[in-house]
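A short write-up of the structure that comes next.
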Amino acid sequence: MPDSAINAMAASVREANRSGVVRGICLFYIRRKVGGMRAVVVGGGIGGLSAAIALRRAGWDDVTVLERAPAFGEVGAGITLQANALAGLDALGVGAAVRGRGGVDAPGGTRTPDGRWLARIDARRLEAALGTNALGIHRADLHATLRAALPAAALRPGSPVTDPGELDADLVVGADGIDSVVRRTVYPEAPAPACVGTAAWRGVTDEPWRGELTVAITWGPGTEFGIVPLGDGRVYWFAAVLAPPGAKYDDHHAEVRRRFGHWHPPVGALIDATSTLLYHDLRHLPAPLPSYVRGRVALLGDAAHAMTPNLGQGGAQAIEDAVVLGQVCRPGRPVAEALAEYDARRRPRSQAVAAASYRIGRFGQQLRNPLAVAARNAAVRLTPSSVALRSMARYADWRP
Numbered sequence: 001m002p003d004s005a006i007n008a009m010a011a012s013v014r015e016a017n018r019s020g021v022v023r024g025i026c027l028f029y030i031r032r033k034v035g036g037m038r039a040v041v042v043g044g045g046i047g048g049l050s051a052a053i054a055l056r057r058a059g060w061d062d063v064t065v066l067e068r069a070p071a072f073g074e075v076g077a078g079i080t081l082q083a084n085a086l087a088g089l090d091a092l093g094v095g096a097a098v099r100g101r102g103g104v105d106a107p108g109g110t111r112t113p114d115g116r117w118l119a120r121i122d123a124r125r126l127e128a129a130l131g132t133n134a135l136g137i138h139r140a141d142l143h144a145t146l147r148a149a150l151p152a153a154a155l156r157p158g159s160p161v162t163d164p165g166e167l168d169a170d171l172v173v174g175a176d177g178i179d180s181v182v183r184r185t186v187y188p189e190a191p192a193p194a195c196v197g198t199a200a201w202r203g204v205t206d207e208p209w210r211g212e213l214t215v216a217i218t219w220g221p222g223t224e225f226g227i228v229p230l231g232d233g234r235v236y237w238f239a240a241v242l243a244p245p246g247a248k249y250d251d252h253h254a255e256v257r258r259r260f261g262h263w264h265p266p267v268g269a270l271i272d273a274t275s276t277l278l279y280h281d282l283r284h285l286p287a288p289l290p291s292y293v294r295g296r297v298a299l300l301g302d303a304a305h306a307m308t309p310n311l312g313q314g315g316a317q318a319i320e321d322a323v324v325l326g327q328v329c330r331p332g333r334p335v336a337e338a339l340a341e342y343d344a345r346r347r348p349r350s351q352a353v354a355a356a357s358y359r360i361g362r363f364g365q366q367l368r369n370p371l372a373v374a375a376r377n378a379a380v381r382l383t384p385s386s387v388a389l390r391s392m393a394r395y396a397d398w399r400p
């Protein structure tokens, strides 16, 4: 072989060594030899913790969750877990514990601000169709339940990741949310998250609710108010309005009271019973990713398919992702083969749910033209309850 060719090969090896390729290959074969494979999950939210649980249940002994925040926790308000989310949590072995901390959310239907019903859903029929009712739970309680299912040594707070390529792992799971560093690294060409023109306040009553309570989504022109009872007796509520990105208010309580305080009971009373409000612009990924996988990296949850909350499916889709990832990534199976199956199984469903959620928002909360609102309300009133039930069950009817 000519000296020039030998020198070129040597240079290639030195460059590969510097980039960690040779080291990664060596570590892969060493781990296969001794029977161990390592997974690193970037992001310690609901999706990331669920993924870590799923991989450990599948037989991965070395699973680490890296969270950039200095402590693990969840600062959100409430979340509704529909039947598909509960089925996923059952598959992860934490379903019973979650049900023990949540409250049954008996769906009431859809109303107008003056209290008139546009549609009512029979909770018993919905439960019969899906095998379970929906569940309202505080995000902090759900997060704590998921953390308890993992060994403390697997959880590493205060560990930001700037380059997933530098992680020493056979599998890297990007579960770091809508502003995912992992997604930006593996898909730098993908569009950034975008605002949808809606902002929302979220709150949980300070004390257990003792008054009358009707569970419902209420639509006004360009506005929406939702009510979800939690397992501890408190009530989670949200109020959404059309708003330009970055809108500022001097007094959030005064603003939400001004917009919603005169709506049907108990809307105003719930606002008055809440001292802490969260306010944020609603965002989503405006274009679907071509794949949730690149090399040894798999994207999951909001990092892969951040969606609007109009179907209440964001957290559920992350849990579904995690369950399927654990199912396909069996120890001993080539990671590339496993991730190809993960992408094939998860991308079509989750992207369809994201698209449907966006459409529902345009038809529901974002609609403000009086004629369009009247036509929408009439269409909802005239829709047979059986059709509405099938529509609700369509996205929640999933089992591992």
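Note that the sequence shown ends on residue 400 in UniProt numbering; no numbers are left out. Heads up, the beta-carbon is just placed ideally off N, CA and C, and yes, glycines get one too. Being a predicted model, the structure only gives us computed values, none of them experimental.
| said: Please list the terminal residues of the continuous alpha helix (DSSP H) segment that includes A240. | reply: It is not in any alpha helix (DSSP H) - A240 instead sits in the beta strand (DSSP E) that spans 235–242.
| query | For G220, which beta-bridge partners are listed by DSSP? | reply | T223
| query | What residue does the alpha helix (DSSP H) around I137 start on, and which one ends it? | reply | Here I137 belongs to no alpha helix (DSSP H); instead the beta strand (DSSP E) covers 134–138.
| request: Identify, in the order they occur along the chain, each residue of the same chain with its Cβ nearer than 6 angstroms to the Cβ of G314, setting aside the five sequence neighbours on each side. | output: The beta carbon of G314 is closer than 6 angstroms to those of M307 in its chain, skipping five residues each way along the sequence.
| query | Leaving out five residues before and five after V373 in sequence, what residues of the same chain have Cβ atoms less than 6 angstroms from its Cβ? | reply | P221, L367
| request: Could you please give me the residues that DSSP links to A368 through a beta bridge? | output: At residue 368 the sequence reads Arg, which differs from the Ala that was named. None; R368 has no bridge partner.
| said: Can you check which of these residues, A303, G364, D272, T64, is closest to S159 by C-alpha distance? | reply: T64
| Among A119, L311, R101, the one whose alpha carbon lies nearest that of G109 | A119
| message | Suppose the cutoff is 7 angstroms on Cβ atoms and the five residues either side in sequence are ignored; what does the same chain contact list for R32 look like? | response | Bear in mind that the predicted position of R32 carries a pLDDT of just 42, short of 50, making it unreliable; the figure below should be weighed with that in mind. None.
| message | Quick check on the burial criterion: 16 or more other C-beta atoms within 10 angstroms. Buried or exposed for R399? | response | Using a 10 angstroms sphere on the CB of R399, the tally of other CB atoms stays under 16, which defines it as exposed.
| task | Please report how far the alpha carbon of F363 lies from the alpha carbon of A378, in whole angstroms. | result | 13 angstroms
| How big is the Cα-Cα spacing for W263 and P113? | 5 angstroms
| task | Please list, in chain order, all residues of the same chain as L89 whose beta carbon is under 6 angstroms from its beta carbon, the five residues on each side excluded. | result | G95, V98
| field | Integer-rounded CB distance, given that T198 should sit under 8 angstroms from V241 | value | 7 angstroms
| query | Nearest to residue 409 by alpha carbon, out of G36, V41, A58? | reply | Outside the displayed range of the chain (1 to 400) lies residue 409, so it cannot be described from this structure.
| said: I need the straight-line Cα distance from G361 to L213, nearest angstrom please. | reply: 25 angstroms
| query | Helix, strand or coil: how does DSSP classify V324 here? | reply | Residue state, collapsed to three classes: helix.
| Cβ shell of W219 (< 6 angstroms), same chain only, five flanking positions each side left out | G364
| Endpoints, the beta strand (DSSP E) within which G197 is located | Boundaries of the beta strand (DSSP E) harbouring G197: 194–204, taken from the DSSP string.
| Exposure label - S386; buried when at least 16 CB within 10 Å | Answer is exposed; the Cβ neighbour count stays below 16.
| request: Quick one: grab the DSSP three-state call for A388. | output: helix
| For A298 versus P157, is the C-beta distance shorter than 9 angstroms? | no
| On the three-pair Cβ rule with 8 angstroms, is the segment 201–217 touching the segment 176–191? | Counting Cβ pairs under 8 angstroms, fewer than three are found: no touch.
| said: Classify P245: buried if its beta carbon has 16 or more other beta carbons within 10 angstroms, exposed otherwise. | reply: exposed
| How is H280 classed by DSSP in three states: helix, strand or coil? | Correct three-state label for H280: strand.
| query | What's the call for N84, buried or exposed, on a 16-neighbour Cβ count within 10 Å? | reply | Flag for N84 reads buried.
| Exposed or buried, what is P348 when buried is set at 16 or more other beta-carbons lying within 10 Å of its beta-carbon? | By the C-beta density criterion, P348 is exposed, having fewer than 16 other C-beta atoms within 10 angstroms.
| query | Which residues share a DSSP beta bridge with A39? | reply | Under DSSP, A39 shares a beta bridge with V63, L171.
| query | By Cβ distance, which residues of its chain are closer than 7 angstroms to S50, with the 5 residues on each side in sequence left out? | reply | L92, L146, A318, I319, A322
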